[in-house]
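Protein sequence lines, in the order shown, are assigned to chains A and B. Residues are numbered in this note's numbering as their position in the first sequence, beginning at 1, plus a constant of 1. Residues are numbered in this note's numbering as their position in the second sequence, beginning at 1, plus a constant of 8. All C-beta atoms in this analysis are idealised placements derived from N, C-alpha and C, irrespective of residue type, glycine included.
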Amino acid sequence: GAVVSQHPSRVICKSGTSVKIECRSLDFQATTMFWYRQFPKQSLMLMATSNEGSKATYEQGVEKDKFLINHASLTLSTLTVTSAHPEDSSFYICSAGRDRRGILPETQYFGPGTRLLVL
Amino acid sequence: SQKIEQNSEALNIQEGKTATLTCNYTNYSPAYLQWYRQDPGRGPVFLLLIRENEKEKRKERLKVTFDTTLKQSLFHITASQPADSATYLCAHTTGGSYIPTFGRGTSLIVHP
Numbered sequence: 002g003a004v005v006s007q008h009p010s011r012v013i014c015k016s017g018t019s020v021k022i023e024c025r026s027l028d029f030q031a032t033t034m035f036w037y038r039q040f041p042k043q044s045l046m047l048m049a050t051s052n053e054g055s056k057a058t059y060e061q062g063v064e065k066d067k068f069l070i071n072h073a074s075l076t077l078s079t080l081t082v083t084s085a086h087p088e089d090s091s092f093y094i095c096s097a098g099r100d101r102r103g104i105l106p107e108t109q110y111f112g113p114g115t116r117l118l119v120l
Numbered sequence: 009s010q011k012i013e014q015n016s017e018a019l020n021i022q023e024g025k026t027a028t029l030t031c032n033y034t035n036y037s038p039a040y041l042q043w044y045r046q047d048p049g050r051g052p053v054f055l056l057l058i059r060e061n062e063k064e065k066r067k068e069r070l071k072v073t074f075d076t077t078l079k080q081s082l083f084h085i086t087a088s089q090p091a092d093s094a095t096y097l098c099a100h101t102t103g104g105s106y107i108p109t110f111g112r113g114t115s116l117i118v119h120p
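Structural data, given as C-alpha cells:
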C-alpha cells in the first residue's frame, strides 16, 4: 500500500499557457498532500501544503496566484501552473502522508514526479 | 533556521563493500530523521525512519544511526550492489511539524 501517482509524467508547453498536474493517493486517504519542486542536483523545495476542503498553505516566496492548488478529495490534489514561463521548467513532485485518525503522518509517500518544460 | 547537510560529492565504492552516507543537522534536534532513495527522474522512495530516542534502526541491508550529540545520522548499506546506485536523501522533522526538511542528497555509485 501507500502508492501515489502523478499525471502527466512529462509535459511540454508553450510560454503563457497553463498546465495542470494531478496527484492521487491510490490506496489510502490523505487529508494533506505536499507539492515540491526540484531543480537538477538540488534538494526538494516545498512549495505548498495542500489541505482537503480548505485553502493551500504556501511557502514563503511561492506565488499562490501562479501555482494554483486544489485538493478536491481525500485522494486527489492538483497543481496548476498558470501562465507558465521558461523559468517554471522544473521537476514537480507531490507527496502524501497516510491519514492516521487525527495523528499527524510521519512518512511521506512520493509520486513519481512531473517533468515540466516550458518553451 | 535548521539546515540539513549531506556530502555533495558522489560516493564511489566497490560492489560488496559497505557504503556509509552522512547527514548532519544544525541547531535543534529533530523529532525524527528519515532516509529516502531517489533515482534519476523519479520521486523519492521512503527507506527508514529513526526517532530521536533511538540509536539505531535496521532493515535488511540498511542501517541508520542517530547521534544527537554529534547532530548526525549515518546511513549504511552493507554488501552494496550496483542496483544500490542512486541519490540518498536525508530528511529532518521537528516535533510539532510533520513537514520534513530535505538535504540535497548524496549520490552513491556502486561499481561492479
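Whole-Å CB distance - residue i paired with residue j, under 8 angstroms assumed
{"i": "Phe68/A", "j": "Met48/A", "result": "6 angstroms"}
{"i": "Ile58/B", "j": "Ser81/B", "result": "7 angstroms"}
{"i": "Pro90/B", "j": "Val118/B", "result": "5 angstroms"}
{"i": "Arg25/A", "j": "Thr76/A", "result": "6 angstroms"}
{"i": "Phe74/B", "j": "Trp43/B", "result": "Not really, about 11 angstroms apart at Cβ, beyond 8 angstroms."}
{"i": "Ala31/A", "j": "Gly112/A", "result": "Rounded, the Cβ-Cβ distance is 11 angstroms, inconsistent with contact."}
{"i": "Ser91/A", "j": "Leu120/A", "result": "So it is not a contact: roughly 14 angstroms between Cβ atoms."}
{"i": "Thr114/B", "j": "Gln14/B", "result": "5 angstroms"}
C-alpha gap between residue i and residue j, whole angstroms
{"i": "Ser19/A", "j": "Gln10/B", "result": "34 angstroms"}
{"i": "Glu121/A", "j": "Gly24/B", "result": "Look at the range of chain A in this structure, 2 to 120, and you will see that residue 121/A is not part of it."}
{"i": "Arg66/B", "j": "Val72/B", "result": "6 angstroms"}
{"i": "Ala87/B", "j": "Ala85/A", "result": "46 angstroms"}
{"i": "Lys65/A", "j": "Gly51/B", "result": "23 angstroms"}
{"i": "Thr95/B", "j": "Thr109/B", "result": "16 angstroms"}
{"i": "Ser51/A", "j": "Gln109/A", "result": "13 angstroms"}
{"i": "Ala39/B", "j": "Leu116/B", "result": "26 angstroms"}
{"i": "Thr34/B", "j": "Gly62/A", "result": "23 angstroms"}
{"i": "Ser96/A", "j": "Pro120/B", "result": "33 angstroms"}
{"i": "Ala27/B", "j": "Leu78/B", "result": "20 angstroms"}
{"i": "Leu19/B", "j": "Ala73/A", "result": "42 angstroms"}
{"i": "Ser78/A", "j": "Met34/A", "result": "7 angstroms"}
{"i": "Glu23/A", "j": "Pro9/A", "result": "7 angstroms"}
{"i": "Thr76/B", "j": "Asp89/A", "result": "38 angstroms"}
{"i": "Thr30/B", "j": "Leu56/B", "result": "14 angstroms"}
{"i": "Lys63/B", "j": "Asn32/B", "result": "15 angstroms"}
{"i": "Ser16/A", "j": "Ile70/A", "result": "20 angstroms"}
{"i": "Ser16/B", "j": "Arg112/B", "result": "7 angstroms"}
{"i": "Asp28/A", "j": "Val4/A", "result": "6 angstroms"}
{"i": "Tyr98/B", "j": "Asp100/A", "result": "Looking at the sequence itself, residue 98/B is Cys, so the reference to Tyr does not match. Distance between the alpha carbons of Cys98/B and Asp100/A is about 23 angstroms."}
{"i": "Tyr106/B", "j": "Arg69/B", "result": "27 angstroms"}
{"i": "Thr83/A", "j": "Thr58/A", "result": "18 angstroms"}
Buried or exposed (CB count within 10 angstroms, at least 16 for buried), residue i
{"i": "Pro87/A", "result": "exposed"}
{"i": "Gly54/A", "result": "exposed"}
{"i": "Arg45/B", "result": "buried"}
{"i": "Phe40/A", "result": "exposed"}
{"i": "Thr115/A", "result": "buried"}
{"i": "Gln43/A", "result": "exposed"}
{"i": "Asp47/B", "result": "exposed"}
{"i": "Ile13/A", "result": "exposed"}
{"i": "Gln7/A", "result": "buried"}
{"i": "Gly49/B", "result": "exposed"}
{"i": "Arg38/A", "result": "buried"}
N- and C-terminal bounds of the beta strand (DSSP E) containing residue i
{"i": "Asn52/A", "result": "Met46 to Asn52"}
{"i": "Ile107/B", "result": "First-last for Ile107/B: undefined, no H or E at that position."}
{"i": "Ala18/B", "result": "Run containing Ala18/B: none; DSSP gives neither H nor E here."}
{"i": "His86/A", "result": "Run containing His86/A: none; DSSP gives neither H nor E here."}
{"i": "Ala73/A", "result": "Phe68 to Ser74"}
{"i": "Thr76/B", "result": "Counting along the chain, Thr76/B falls outside any beta strand (DSSP E), and DSSP gives it neither H nor E."}
{"i": "Gln7/A", "result": "Val5 to His8"}
{"i": "Val20/A", "result": "Val20 to Ser26"}
{"i": "Thr95/B", "result": "Ala94 to Thr101"}
{"i": "Asn32/B", "result": "Ala27 to Tyr33"}
{"i": "Gln46/B", "result": "Tyr40 to Gln46"}
{"i": "Ser115/B", "result": "Thr114 to His119"}
{"i": "Glu107/A", "result": "Where Glu107/A is concerned, there is no enclosing beta strand (DSSP E), given that its DSSP letter is neither H nor E."}
{"i": "Arg66/B", "result": "Glu64 to Lys67"}
{"i": "Arg99/A", "result": "Looking at the DSSP string, Arg99/A is not in any beta strand (DSSP E), and its letter there is neither H nor E."}
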